[in-house]
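Input: a single structure, listed below in structure tokens.
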Amino acid sequence: MGCFGFLKVVMFAFNGIIFVAGAAILGVGIWVKVDSGSVLSLLEKIPGAPAQLNQVLNVGYLLIAVGAVLLLLGFLGCCGAVKESKCMLLMFFIIVLLVFIAEVAGAVVILVFKPLAEDLIRKLGVDIVEGIQKEYGENPDVTGLWNSTMDTLKCCGFNNYTDFTGSPFVNASGTYPSPCCTSTSCSGENAKTSAVDGCFDKLVSLIDENAVVIIGVALGIAVLEISAMVVSMSLYCHIDSK
Numbered sequence: 001m002g003c004f005g006f007l008k009v010v011m012f013a014f015n016g017i018i019f020v021a022g023a024a025i026l027g028v029g030i031w032v033k034v035d036s037g038s039v040l041s042l043l044e045k046i047p048g049a050p051a052q053l054n055q056v057l058n059v060g061y062l063l064i065a066v067g068a069v070l071l072l073l074g075f076l077g078c079c080g081a082v083k084e085s086k087c088m089l090l091m092f093f094i095i096v097l098l099v100f101i102a103e104v105a106g107a108v109v110i111l112v113f114k115p116l117a118e119d120l121i122r123k124l125g126v127d128i129v130e131g132i133q134k135e136y137g138e139n140p141d142v143t144g145l146w147n148s149t150m151d152t153l154k155c156c157g158f159n160n161y162t163d164f165t166g167s168p169f170v171n172a173s174g175t176y177p178s179p180c181c182t183s184t185s186c187s188g189e190n191a192k193t194s195a196v197d198g199c200f201d202k203l204v205s206l207i208d209e210n211a212v213v214i215i216g217v218a219l220g221i222a223v224l225e226i227s228a229m230v231v232s233m234s235l236y237c238h239i240d241s242k
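To convert, note that position 51 of the sequence shown is 51 in the numbering used here; the numbers rise steadily by one, no gaps.
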């Protein structure tokens, strides 16, 4: 009975955290969809943006979905442990198992199709570069979005500094954006000499450099999910034997 009581406490505490996290994520998702001043809503207003870019707007719906699932999991886990409800514990186990299977399938797809995904994004880069050359320096939303991205990732354009050639900014000032150069003056020659990486290559390299951390986090989540399934099924079996 002591072990059973301990498992109940662990189950309640663990799912209490899940419930709070789900509420927070759900709140952020609702805020993203409601707040017209958010970055995601600004993407809708960018003229000439690639159609595929609009898919980013679905992040709000994704957060709402994830938050709702976590809320449901937290509720089932907490109530199932406290009330010793076999039905709730079984539902909790099934949902966690389905999530675990989906994560494993997703990891396999990412590993197998990673080169294909990179190639697809590079093809989309043609439309993105066209948008830069038409709007950068003239459209404040496009300009601000790219400036923020380049400052954060320490990169230049999608491919390199040549993406800005012919843009309203370069035509008006005769210079390139400052992140494209390592010197104060960012002329075309200085941008070429600086050879700052494009944002796509920089992002890929950051993911590759942090692959160990990403894999570690994924394994940690997998261990937590397996532990949650073991605990829920242990409680389920104990209740069944009472």
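In this text, a Cβ means the ideal position worked out from N, Cα and C, and glycines have one as well.
Note that the structure is predicted; figures quoted are calculated from it, not measured.
By how many angstroms is the C-alpha of residue j removed from the C-alpha of residue i?
i	j	result
Lys33	Gly67	14 Å
Val108	Met233	27 Å
Val10	Ala211	31 Å
Ser185	Tyr176	9 Å
Thr152	Leu90	45 Å
Ser226	Val99	In the sequence as displayed, the identity of residue 226 is Ile instead of Ser. Ile226 and Val99: Cα-Cα distance of roughly 11 Å.
Gly106	Phe113	10 Å
Gly157	Leu224	40 Å
Cys155	Val69	37 Å
Lys202	Ile128	16 Å
Gly220	Leu97	16 Å
Ala13	Ile121	42 Å
Gly125	Ile214	25 Å
Gly216	Ala222	10 Å
Trp31	Asn139	25 Å
Pro50	Asn15	Unreliable placement is indicated for Pro50, whose pLDDT of 48 sits below 50; no coordinate value is reported for it.
Gly144	Ile110	31 Å
Phe4	Ala24	30 Å
Asp163	Lys134	11 Å
Ile101	Glu189	52 Å
Glu84	Phe6	13 Å
His238	Val142	59 Å
Phe92	Ile17	15 Å
Thr165	Glu130	10 Å
Restricting to Cα atoms, I'd like to know which of the options is closest to residue i.
i	options	result
Glu118	Ile207, Ala65, Ala228 and Ser167	Ile207
Met229	Ala81, Val28, Leu71 and Ile215	Ala81
Tyr236	Gly29, Ile110 and Lys86	Lys86
Lys196	Met150, Gly22, Val223 and Val231	For the sequence presented, residue 196 should be read as Val rather than Lys. Taking only the C-alpha atoms, the option nearest Val196 is Met150.
Val104	Ala218, Ala65 and His238	Ala218
Ser178	His238, Ser205, Ala191 and Phe200	Ala191
Gly22	Ala13, Ala65 and Cys3	Ala65
Ile132	Pro115, Asn171 and Leu116	Asn171
Step through the CB atoms of chain B and report whether any lies within less than 8 Å of the CB of residue i.
i	result
Ile30	Note that chain B does not occur in the displayed structure, where there is just one protein chain.
Would you kindly check if the distance between the Cβ of residue j and the Cβ of residue i is under 8 Å?
i	j	result
Ile95	Leu73	yes
Leu71	Met88	no
Ser194	Thr182	yes
Gly60	Gly27	no
Gly198	Asn147	no
Ser167	Tyr136	yes
Phe169	Cys78	no
Over the uninterrupted alpha helix (DSSP H) stretch that includes residue i, give me the two end residues.
i	result
Val196	First-last for Val196: undefined, no H or E at that position.
**OP:** Scan the segment 141 to 168 and note each continuous beta strand (DSSP E) run of 3 residues or more that stays entirely inside, going in chain order.
**Re:** none
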